[in-house]
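Protein chains: 2
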Amino acid sequence: MKRYPDAIRILVAIDCIIMGFDGTAIKLLLIKRNFEPEKGNWSLMGGFLHQNEDLEAGAERILFDLTGLNNIFVEHITTAGKIDRDPVERTISVVFFALININNQDQEALNAHNAQWLSLEEKPELIFDHDEMVTKAIEYLRYKAALHPLGFELLPEKFTIPQLQKLYEAIYDMKLDRRNFSRKILSTGLLVDTGEKYEQSATKKATLYQLNQDRYKDKFFAFWHFMPHPGID
Amino acid sequence: MKRYPDAIRILVAIDCIIMGFDGTAIKLLLIKRNFEPEKGNWSLMGGFLHQNEDLEAGAERILFDLTGLNNIFVEHITTAGKIDRDPVERTISVVFFALININNQDQEALNAHNAQWLSLEEKPELIFDHDEMVTKAIEYLRYKAALHPLGFELLPEKFTIPQLQKLYEAIYDMKLDRRNFSRKILSTGLLVDTGEKYEQSATKKATLYQLNQDRYKDKFFAFWHFMPHPGID
DNA sequence: TTTAATTGTGTCAATATTACACGATTTTTA
DNA sequence: TAAAAATCGTGTAATATTGACACAATTAAA
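Protein sequence lines correspond, in order, to chains A and B. Mapping the first sequence onto our numbering, position 63 (from 1) lands on 75, and the numbers just tick up by one. Mapping the second sequence onto our numbering, position 49 (from 1) lands on 61, and the numbers just tick up by one.
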């Protein structure tokens with residue numbers, strides 16, 4: 013007794029682009045599939061939506077499955093629905109974007125899924141339309157990180173300004189001026205000096221900061237320009 | 013012979029938030045449903061995804077159905093998937109955002125669908141989760157219009173700077189300084205003086221401009237600040 | 001103890017932004 | 001017929017932000 017008898021019903025997948033930062037490069041958490049179809053090929057982590065599950069919840073389930081992490085930064089970024097995107101059966105994929113601290117996740121879970129962190133340069137070709145999704149995610153990261161203090165999700169709780177700068181340089185694949193970057197970041201009032209120094213430094217030890225959480229939440233959606241914008245033309 | 017036998021298959025709807033500008037206020041094109049369920053109640057224009065149809069194509073079909081227009085500015089903004097969002101049967105809705113020139117559409121098609129332009133203040137309560145979708149669309153418009161020359165989609169081909177300013181004032185519900193707005197817009201090089209004047213003006217006739225199409229396409233995705241940002245803090 | 005690498009802070013000139021004033025044009029009104 | 005009212009176009013000065021750049025301080029290694 014279906015109420016919408018003429019409409020089609022199709023599979024709903026959830027795919028997650030999971031990004032991390034290793035201090036030098038932005039990395040993607042990808043899996044080498046140990047199941048059909050496309051067994052042995054690289055793919056985003058994903059799965060099908062469950063019966064009694066919201067989309068967000070599905071994304072969180074999939075992320076927890078792979079990383080053992082909860083409370084991850086996750087946002088829905090796009091939905092892929094090309095007719096033949098899955099060769100087996102028509103499937104729509106709801107795509108989520110996740111940022112995590114690369115050091116936190118559960119290595120055993122990663123192994124069980126054949127997962128590996130690969131930098132954007134190392135990225136192999138992915139199955140289906142997953143490459144397009146990654147492209148969108150990178151665009152999204154660049155777009156959003158220029159305006160919102162997003163990058164902190166990729167760093168440890170305590171971090172130095174030079175680390176943060178290297179992160180932005182990795183995101184935008186460009187060099188930034190140390191002095192101007194520092195001034196801009198500090199002027200946001202988002203950072204709190206912990207009084208500690210980064211001990212692993214080879215030379216002068218940089219100050220460790222942490223986020224002013226209240227201010228971070230308050231100001232996340234305010235417009236900001238974290239990136240220089242020379243000669244807009 | 014299904015390859016993914018355990019996964020669920022559900023309905024995929026497409027819903028469109030259609031915005032226009034009447035010279036004073038941002039308006040939504042809404043329909044009073046003449047079909048069940050929720051017959052007689054206000055709703056976004058939508059429909060179900062067809063068998064051999066991509067998502068974008070579905071959105072364009074639905075928009076054409078209602079307005080008689082092609083080549084509309086359309087973007088996918090979000091996907092709604094709460095378990096009970098449709099009381100009849102589980103349905104995921106892929107939401108699109110469309111901007112059109114309010115004077116262009118086909119009045120007969122509007123009548124056939126019971127459609128009406130309503131300002132945001134007049135907006136009645138909508139069915140299902142359509143109110144949430146509208147909220148997201150307004151946020152999206154404000155976000156995007158601050159950075160990209162988006163507003164032109166809502167104006168006639170030839171328009172005056174004061175008209176454009178009123179549009180921005182409607183989007184952000186705030187007053188802007190005439191002089192500064194004019195300077196900023198003109199400095200983008202996006203406008204071309206047509207040499208004509210807006211004849212319907214009650215007093216001094218304003219210059220009619222049109223978009224520099226090449227520059228518009230080139231620069232659409234560049235970052236710009238179209239809105240003032242006094243004392244970011 | 002010198003060297004090399006890196007961090008923290010400061011300055012200055014160029015640019016962009018904001019706030020604000022005035023003259024010009026056109027219709028309405030006295 | 002002229003003054004008034006409304007709106008449009010442009011200009012300017014004070015302020016804030018940005019980009020480019022210099023120098024001193026810290027630390028491990030040479």
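Glycine is no exception: its CB is placed at the ideal position from the N, C-alpha and C atoms. A quick note: this is a predicted structure, and the numbers were derived from the prediction, not measured.
| query | result |
| --- | --- |
| Endpoints, beta strand (DSSP E) assigned at Phe85(A) | 85-92 |
| Amino acids of chain A, ordered along the chain, whose beta-carbon sits closer than 8 Å to that of Val106(B) | Thr91, Gly93, Ile104 |
| Proximal chain A residues relative to Leu78(B), where beta-carbon distance stays under 8 Å | By Cβ distance, chain A contributes nothing, its closest Cβ being about 18 Å from Leu78(B), past 8 Å. |
| Contact with chain B by His88(A), beta-carbon distance below 8 Å | yes |
| Three or more C-beta pairs below 8 Å linking the stretch 104-118 of chain B and the stretch 156-173 of chain B | yes |
| Residues near Lys51(A) by beta carbon distance below 7 Å, same chain, minus five either side | Arg45 |
| Cβ neighbours of Tyr152(A) in the same chain (closer than 7 Å, five flanking residues each side left out) | Ile89, Phe109 |
| Minimum Cβ-Cβ distance from Tyr16(A) to chain B less than 8 Å | yes |
| Inter-stretch contact at 8 Å, needing at least 3 Cβ pairs: the stretch 65-82 of chain A / the stretch 200-215 of chain A | no |
| Amino acids of chain B, ordered along the chain, whose beta-carbon sits closer than 7 Å to that of Asn64(A) | Ile95 |
| Cutoff 8 Å: Leu56(A) Cβ touching any chain B Cβ | no |
| 8 Å Cβ cutoff, Glu101(A) in contact with chain B | yes |
| Cβ-based neighbour list, Val106(A), same chain, cut-off 6 Å, excluding 5 preceding and 5 following | Ile26, Leu67, Thr91 |
| 8 Å Cβ cutoff, Val204(B) in contact with chain A | no |
| Cβ of Val24(B) within 8 Å of any chain A Cβ | yes |
| C-beta atoms of Leu202(B) and Asn224(B) nearer than 8 Å | yes |
| Proximity below 8 Å, CB of Ala121(B) to CB of Thr79(B) | yes |
| is_contact[Arg21(A), chain B] using C-beta, thresh 8 Å | yes |
| The stretch 154-184 of chain B: positions lying closer than 9 Å to chain A by Cβ | Tyr155, Ala158, Leu159 |
| Contact set for Ile244(A): own chain, Cβ-Cβ below 7 Å, skip 5 residues either direction | Residue placement at Ile244(A) is poorly supported in this model, since its pLDDT is 46, which falls under 50; the coordinates still yield a value, given next. Nothing listed; no residue qualifies. |
| Collapsed DSSP secondary structure at Ile183(A) in the structure displayed | helix |
| Neighbour flag for Leu223(B) against chain A, beta carbons, 8 Å | no |
| Alpha helix (DSSP H) runs wholly inside the stretch 68-133 of chain A, at least 4 long, in chain order | 119-124 |
| Helix, strand or coil at Tyr221(B) [DSSP, three-state] | strand |
| 8 Å Cβ cutoff, Leu61(A) in contact with chain B | yes |
| Cα-Cα separation between Met145(B) and Ile84(A), rounded to whole angstroms | 24 Å |
| Test item: CB-CB of Ala182(A) and Phe238(A) under 8 Å | no |
| Closer than 9 Å at the beta carbon, the chain A residues around Leu188(B) | Within 9 Å Cβ-Cβ: nothing; Leu188(B) doesn't reach chain A, min ~16 Å. |
| Spatial distance of Ala149(B) from Ile30(B) (CA atoms) | 9 Å |
| Outcome for Val86(B) when other beta-carbon atoms lying within 10 angstroms are tallied against a minimum of 16 | buried |
| Check whether His142(B) and Phe232(B) have beta carbons under 8 Å apart | no |
| Cβ neighbour criterion (16 or more within 10 Å) applied to Gly35(B) | exposed |
| Spatial distance of Trp236(A) from Pro49(A) (CA atoms) | 44 Å |
| Contact under 8 Å by Cβ, Leu162(B) with Leu40(B) | no |
| Secondary structure of Asp34(A), DSSP reduced to three states | coil |
| Met13(B) in three-state terms, based on DSSP | With a pLDDT of only 48 at Met13(B), under 50, the local geometry of the prediction cannot be trusted, and the value read off the model is given with reservation. Here Met13(B) sits in coil by DSSP. |
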